[in-house]
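For reference, the structure discussed in these notes is given below.
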Amino acid sequence: MKQTLNWKSREVVHIYDEVNLWSAPFGRLLLENIPMMPAAQVVDIGFGTGFPLIELSQRFGDKSNIYGIDIWEEGIHRTKTRIATLEINNIEILEESATSIKIGDNQIDLVTSSLGVNNFDQRGDVYLEIHRILKKGGRLCLTTNPVGTFEELFEVFDSVFQEMGMEEEQSRLEEYIQHRNTEKGIISELEQYGFEVLKIKRDTTNMRFADARAILNHSLMRIGFRESWERMVREDKREEFFERLTQKIDDIVESKGEFLMTIPMLYLEFGK
Ligand SMILES: C[S@@+](CC[C@H](N)C(=O)[O-])C[C@H]1O[C@@H](n2cnc3c(N)ncnc32)[C@H](O)[C@@H]1O
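The numbering of the sequence shown is numbering that gives the first Met the number 0, which starts it at 0 and goes up by one.
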């Protein structure tokens with residue numbers, strides 16, 4: 000297997016496309032559902048390399064102000080380069096954690112976050128800040144991938160653990176699967192911070208593979224997932240586990256012609 004990739008490293012930003020394929024369907028879901036309004040004050044939290052920040056700036060136009068908040072230095076650098084290249088003048092980048100936002104109270108019409116806030120550390124503090132900066136009647140719109148993400152893959156994980164008699168790993172897997180948010184969980188958490196859910200859209204996308212090693216070596220898995228998968232398995236059994244896993248997946252490919260992994264998508268819109 001190739002090495003895992005550190006998303007914060009200088010090199011990784013170069014393989015992060017303008018809109019990578021992982022982010023794109025979630026961005027589409029967001030952009031198809033957010034309220035549009037002229038001369039809006041908009042904040043995008045966790046824009047990575049500029050998505051959907053730059054798209055929002057182009058959709059809302061020059062009468063609107065779009066603030067982008069992120070803490071990823073390399074991502075911010077790349078976003079600024081893109082903003083300059085596109086000669087965009089309605090974006091202001093705030094290089095700070097969303098736990099403390101330099102915007103006054105009741106200023107903002109719309110806060111967006113695609114694959115963002117609900118996974119942040121200290122997200123309670125972030126929700127307090129979003130509530131503070133939103134005008135009364137303002138909206139918080141987010142997208143996320145809830146429980147159910149890659150469930151076909153985790154079924155194979157489970158059956159290999161079963162085969163190898165690894166009960167501890169089986170319960171770690173269950174914990175790992177359940178740590179992901181559910182629609183109900185996110186809504187009840189945001190309700191505690193004074194938000195009211197106004198709109199819910201559910202959709203799915205998928206990733207199809209023709210080879211097991213290709214899954215493990217895919218850049219998305221190397222950046223975002225593989226480290227926790229590896230940590231789930233005790234070290235002395237890790238090699239054997241991944242051998243068996245890839246064999247099982249390749250058997251499925253052999254019989255079905257592909258290995259398909261489902262990605263549920265959720266758009267949630269909240270009012271203040
Ligand atoms: C999974 S990425 C999503 C990026 C982008 N929205 C997309 O769809 O590709 C999450 C982003 O949130 C940022 N982030 C994490 N914690 C943050 C915080 N406390 N305040 C602001 N941004 C944060 C990360 O730096 C990263 O760029």
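Where a beta carbon is used, it is the ideal one built from N, C-alpha and C, also for glycine.
Taking the alpha helix (DSSP H) that residue 262 falls in, what are its first and last residues?
Counted as a single uninterrupted DSSP element, the stretch harbouring residue 262 is not any alpha helix (DSSP H) but the beta strand (DSSP E) occupying residues 258–270.
Heavy atom of ligand 1 less than 7 Å from the Cβ of residue 125, yes or no?
Yes, the beta carbon of residue 125 sits closer than 7 Å to at least one heavy atom of ligand 1.
Just tell me which of 270, 271, 264 has its CA closest to the CA of residue 29.
It is 264.
Thinking C-alpha only, which one of 84, 11, 44, 255 is nearest residue 142?
Considering only alpha carbons, the answer is 44.
Along the chain, where does the alpha helix (DSSP H) that runs through residue 231 open and close?
Note, residue 231: alpha helix (DSSP H), 225–231.
For residue 38, is the beta carbon positioned less than 7 Å from some heavy atom of ligand 1?
No, the beta carbon of residue 38 sits no closer than 7 Å to any heavy atom of ligand 1.
Could you work out which residue in 150, 133, 238 is closest to residue 107 when comparing CA atoms only?
Per the Cα distances, 133.
What do you reckon, is the C-beta of residue 25 under 7 Å from a heavy atom of ligand 1?
Yes, ligand 1 has a heavy atom inside 7 Å of this Cβ.
Pick from 229, 124, 120: whose alpha carbon is nearest that of residue 244?
Distances from the alpha-carbon of residue 244 to those of 229, 124, 120 put 229 closest.
With DSSP as the reference, label residue 192 as helix, strand or coil.
Reduced to three states, the DSSP call for residue 192 is coil.
Local conformation of residue 56 per DSSP, three classes
Of the three classes helix, strand and coil, the one that applies to residue 56 here is helix, per DSSP.
Pick out the complete beta strand (DSSP E) segments inside the stretch 40–119, 3 residues or longer, and give them in chain order.
Positions of the beta strand (DSSP E) runs, each at least 3 residues long and wholly inside the stretch 40–119, are given as 40–44, 64–68, 90–93, 107–113 in order along the chain.
Confirm, please, whether the CB-CB distance from residue 216 to residue 0 is below 8 Å.
Contact: yes.
Should residue 245 be counted as a contact of ligand 1 given a C-beta to heavy atom distance under 7 Å?
No, Cβ of residue 245 sits at least 7 Å from all heavy atoms of ligand 1.
Classify residue 5: buried if its beta carbon has 16 or more other beta carbons within 10 angstroms, exposed otherwise.
Of the other Cβ atoms in all chains shown, fewer than 16 fall within 10 Å of the Cβ of residue 5; this residue is therefore exposed.
Ligand 1 and residue 149: does the residue's C-beta get closer than 7 Å to at least one heavy atom of that ligand?
Result no, Cβ not under 7 Å from ligand 1.
CB residue 38 to CB residue 109, shorter than 8 Å?
Cβ atoms of residue 38 and residue 109: not closer than 8 Å.
Determine contact between the stretch 147–165 and the stretch 113–131, defined as no fewer than three beta-carbon pairs at a distance below 8 Å.
Contact between the stretch 147–165 and the stretch 113–131 is absent, because fewer than three Cβ pairs lie under 8 Å.
Spatial neighbours of residue 157 within its chain, please: CB distance less than 7 Å, with the 5 preceding and 5 following residues excluded, ordered by chain position.
Shown here for residue 157: same chain residues with a beta carbon closer than 7 Å to its own, the five before and five after excluded, namely 169, 172 in chain order.
At the level of alpha carbons, what is the spacing between residue 90 and residue 248?
Between the alpha carbons of residue 90 and residue 248 lies a distance of about 45 Å.
Is it right to say residue 69 is buried, meaning 16 or more other beta carbons lie within 10 angstroms of its own, or is it exposed?
Counting Cβ neighbours within 10 Å, residue 69 comes out buried, since at least 16 surround it.
Just to confirm the assignment, what range does the beta strand (DSSP E) spanning residue 247 have?
Secondary structure note for residue 247: it is in no beta strand (DSSP E), and the uninterrupted alpha helix (DSSP H) holding it is 234–255.
In three-state terms, what does DSSP make of residue 153?
It is helical.
Kindly examine ligand 1 and report whether one of its heavy atoms sits closer than 7 Å to the Cβ of residue 119.
Checking the Cβ of residue 119 against ligand 1 gives yes.
Among the candidates 99, 225, 198, whose CA atom is the shortest distance from the CA of residue 175?
When each option's Cα is compared against that of residue 175, the closest is 225.
What whole-angstrom Cβ distance do residue 251 and residue 204 have, given they're in contact under 8 Å?
Contact check for residue 251 and residue 204: beta-carbon distance about 20 Å, past the 8 Å limit, so the pair fails to qualify.
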